[in-house]
Amino acid sequence: MATHGLFTNAICPFAHRATFALALRPLPHNIQWVPLSLQLTWAEKFGVEKIPVGQVFLGKSAEELKADKEQYKSTINATGEVPSLQLPSGEVVMESEIVAEYIDSVATQGTKLMPEDPLLASRVRLAMKRFNDTLTCFYQLLMNQDPAKDQECADAIKAKLTKFADVLDKNGPFCFGSSATMADVHCAPFLYRFSLLLPHWRGFNPLEGLPRLQQALKACEKMPEFHQLMPISSDDIIPAYELYANGHKFSEDGK
Numbered sequence: 058m059a060t061h062g063l064f065t066n067a068i069c070p071f072a073h074r075a076t077f078a079l080a081l082r083p084l085p086h087n088i089q090w091v092p093l094s095l096q097l098t099w100a101e102k103f104g105v106e107k108i109p110v111g112q113v114f115l116g117k118s119a120e121e122l123k124a125d126k127e128q129y130k131s132t133i134n135a136t137g138e139v140p141s142l143q144l145p146s147g148e149v150v151m152e153s154e155i156v157a158e159y160i161d162s163v164a165t166q167g168t169k170l171m172p173e174d175p176l177l178a179s180r181v182r183l184a185m186k187r188f189n190d191t192l193t194c195f196y197q198l199l200m201n202q203d204p205a206k207d208q209e210c211a212d213a214i215k216a217k218l219t220k221f222a223d224v225l226d227k228n229g230p231f232c233f234g235s236s237a238t239m240a241d242v243h244c245a246p247f248l249y250r251f252s253l254l255l256p257h258w259r260g261f262n263p264l265e266g267l268p269r270l271q272q273a274l275k276a277c278e279k280m281p282e283f284h285q286l287m288p289i290s291s292d293d294i295i296p297a298y299e300l301y302a303n304g305h306k307f308s309e310d311g312k
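Using the working numbering, read the sequence shown as starting at 58 and increasing by one per residue.
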């Protein structure tokens, strides 16, 4: 099978959906690392070596990274967002959920992530839809600069995660039983990051009181495939999101 090009970034949870799916459902591929806009700003201010989770960019200058991003926007995805999957034909698939489902639909190795059974597939898609409702709330709380609004944001997250947990299979460890499905691919990259970020930056644990979600996240974290194509560790996550948490204000030395 011809090679697919996956354009991704280690910080981005949306991109992590694609790499998780690709590790679970392998296709011949090459990885192309695309810098986020904040990483470009960081490189211009403090140097490429100071970019959070920027080891994949070492050896390039800030100008070269900016040129790479512009080339990506002009030839692959005009929005500059990741992930994108370039097919052997040259066609490009965009958006994390769509990229993950495309990989699952064409791969022949591994266990299908979207169940063949129509009823179970409908349950997986409902769970994915419920989880989508949480995303804005996650970022609102992380980026909120008014402590008086923290509790309101936290309450919204807990309510939406509870609705998500309610539609999962009662038996784990994954969202729907003993193996990962597209629901796990969809939620785990975000739960992985925000279960670390929100306690640290806002004093709020989004998974507290939701043992079913704790169980599903732990099951995914234990999978080598979850980390295989995404070089970001739990130790990297908090500093990587510092700018989001402090209103996009840099310290003097970029730390």
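The beta-carbon is built from N, C-alpha and C at its ideal position, and this holds for glycine as well.
**Message:** Could you tell me the alpha carbon to alpha carbon distance between Asp310 and Gly104, rounded to whole angstroms?
**Reply:** Bear in mind that a pLDDT of 48 at Asp310, under 50, signals an unreliable position, so the number given afterwards is only what the model happens to contain. Taking the straight line from one Cα to the other gives about 10 angstroms.
**Option in Ala124, Pro145, Glu152 with minimal Cα separation from Thr136** = Glu152
**Asked** Going along the chain, which residues of its own chain have a beta-carbon closer than 8 angstroms to the beta-carbon of Lys217, five neighbours each way excluded?
**Response** Arg187, Asp190, Thr191, Cys194
**Asked** Skipping 5 residues on each side, what residues in its chain have a beta carbon closer than 8 angstroms to that of Lys130?
**Response** Thr136, Gly137
**Item:** DSSP three-state assignment for Asn87, whether helix, strand or coil
**Value:** strand
**Asked** What number of angstroms, rounded off, separates the C-alpha of Gly304 from the C-alpha of Gln96?
**Response** 15 angstroms
**Request:** Select from Ala157, Ile294, Leu254, Asp241 the residue whose C-alpha is nearest the C-alpha of Gln272.
**Result:** Asp241
**Asked** Considering only C-alpha positions, which residue in the set Thr76, Leu176, Thr60 is nearest to Pro140?
**Response** Thr76
**Prompt:** Beta-carbon separation of Cys210 and Leu198 under 7 angstroms?
**Reply:** yes
**Message:** So, for Leu177: in the same chain, excluding its five sequence neighbours on each side, which residues have a beta-carbon less than 8 angstroms away from its beta-carbon?
**Reply:** Phe233
**Item:** Simplified DSSP state of Gln202, which is helix, strand or coil
**Value:** coil
**Item:** Cβ-based burial, Asp292 [other Cβ within 10 Å; buried from 16]
**Value:** exposed
**Prompt:** How many Å lie between Pro263 and Asn134 at the Cα?
**Reply:** 33 angstroms
**Asked** Going along the chain, which unbroken runs of the alpha helix (DSSP H) with 4 or more residues stay wholly within the stretch 97-150?
**Response** 119-132
**Request:** Check Phe221 in the structure and name its three-state DSSP category.
**Result:** helix
**Message:** Could you check whether Arg82 and Pro246 sit closer than 7 angstroms to each other, using their CB atoms as the reference points?
**Reply:** no
**Request:** Can you give me the Cβ contacts of Pro145 inside the same chain, cut-off strictly under 7 angstroms, excluding the 5 residues immediately before and after it?
**Result:** Ala59, Thr60, His61
**Asked** Taking C-alpha atoms, which residue in Lys123, Phe283, Ala78 lies nearest to Trp99?
**Response** Lys123
**Asked** Cα-Cα, which of Pro175, Gly167, Ser236 is closest to Leu84?
**Response** Gly167
**Prompt:** What number of angstroms, rounded off, separates the C-alpha of Thr132 from the C-alpha of Glu265?
**Reply:** 43 angstroms
**Asked** Do Leu170 and Val156 have their CB atoms nearer than 7 angstroms?
**Response** no
**Rounded straight-line distance, which links the Cα of Thr238 to that of Pro175** = 14 angstroms
**Prompt:** Start and end of the alpha helix (DSSP H) containing Thr76?
**Reply:** 70-81
**Request:** Identify the continuous alpha helix (DSSP H) that holds Leu248 and give its terminal residues.
**Result:** 239-259
**Request:** In the DSSP assignment, find the unbroken alpha helix (DSSP H) run with His61 in it and report its ends.
**Result:** Element bounds for His61: not the alpha helix (DSSP H) but the beta strand (DSSP E), 61-65.
**Asked** On the three-state DSSP scale, how would you describe Phe188?
**Response** helix
**Request:** Please classify Phe231: does DSSP put it in a helix, a strand, or coil?
**Result:** strand
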